[in-house]
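Reviewing the structure listed below.
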Amino acid sequence: MILRQIRDTRADAETVRLIATEAFAALRGVAGAAAGRLPTLAEITLHQARTRHLAETDPQGCWLAEQDGRAIGFALSMRREGIWILALTAVLPEYQGKGVGRLLLERAAEHGRACLRGMITVSGDPAAARRYRKAGFSLHPTMRLTGPVDRAGLLDAGSIPVHPGNATHRELLDSIDRRLRGAAHGPDHQLMLAHYDELLVADTVFGSGYCYRLGGSVKLLAATSKRLAVRLLREALARVPEDTEATVGFLTAEQEWAVDVGLELGLSLTNRGYLALRGMRPPVPYLPGGAFL
């Protein structure tokens, strides 16, 4: 088996997507990578764009494992201002439990060796939890809110103004990131602005915050106060199309403000994996989203 850096090409990006599809289908107990709902073109494009973005910004953190010329696993990671993030990793089902994931994690982690802090979102897979705990991460159990939004609960819009954001808000977004998690998202905002449905921003004399939405999913939310966070989350859920199920993921026990909003709007609460952190506590109020945490 060899490890090589993932290249910023469509071929490598598609290889990563196919491995992830098959690996996560097996984790969910789905028979075969093609079973279930087929991905949309927008989902495929976003997955490929994310891989190519990280291969461009963090080539030393993105690795592909190959066996006899066949790609069998990958790890995508990034370093942002002193924080190392494992964005996504997966191994084909028939190669799991053979040390491939451990080797990929070790190689990707070398990219973050100088970082004092680390963040990973972890599935409920016991092997994954074991691997990250052994790597020195604290495991914070997380919850997920899902379901149709009860529109009756949205009648009170609140007095804090929320408006669409764009690239001119980059400095504001990075300043909020640094305050909450000690590091800006930097170039990741450019990709999110290009591929997510919308960015919502609240900027008042009392504080600031922002939230990304993609379809029914709240992808990333950060605010300098819980009051602002509640307002942003309610606004994001209000904008979910009425025929679309809403999803708010990776809520730790510290994010009860978000749990309360979801329950008030009729969403269901379930357990969902872990937020693995090293050298830091869960940022509050903060909802990590997707690969960009």
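To get the numbering used here, take the position in the sequence shown, counting from 1, and add 84. Don't be surprised by glycine CBs; every beta carbon is placed ideally from N, CA and C. Nothing here was measured: the structure is a model prediction, and the numbers come from that model.
Exercise for review: Report all residues from its chain with a CB closer than 8 angstroms to the CB of residue 85; omit the five preceding and five following residues, and keep chain order.
Suggested key: 149, 150, 151, 156, 184, 187
Check your understanding: Which class does residue 232 belong to by DSSP, given the choice of helix, strand or coil?
Key -> coil
**Study point:** Spatial distance of residue 133 from residue 291 (CA atoms)
**Key:** 32 angstroms
Exercise for review: Look up residue 276 in the DSSP assignment and give the residues it is bridged to.
Suggested key: In the DSSP output, where bridge partners are listed per residue, residue 276 has none listed.
Point to revise | Host beta strand (DSSP E) of residue 333 (start-end) | key: 330-335
Check your understanding: Hey, quick one: how far does the beta strand (DSSP E) through residue 259 stretch, first residue to last?
Key -> Looking at the DSSP string, residue 259 is not in any beta strand (DSSP E); the run it does join, the alpha helix (DSSP H), is 254-265.
Point to revise | C-alpha distance - residue 300 paired with residue 330, whole-angstrom precision | key: 4 angstroms
Exercise for review: From the DSSP output, read off the bridge partner residues of residue 227.
Suggested key: 335, 355
**Study point:** Short Cβ contact (8 angstroms threshold) for residue 295 with residue 302
**Key:** yes
Review point. So is residue 344 buried or exposed if we call it buried at 16+ other beta carbons inside 10 Å?
Key: exposed
Review point. Hey, residue 318 and residue 238: beta-carbon distance below 8 angstroms or not?
Key: yes
Review point. Would residue 106 be called buried (16 or more neighbouring beta carbons within 10 Å of its own) or exposed?
Key: buried
**Study point:** Inside the segment 266-325 only - beta strand (DSSP E) runs reaching at least 3 residues
**Key:** 282-288, 291-298, 301-307
Review point. Do residue 195 and residue 261 have their C-beta atoms within less than 8 angstroms of each other?
Key: no
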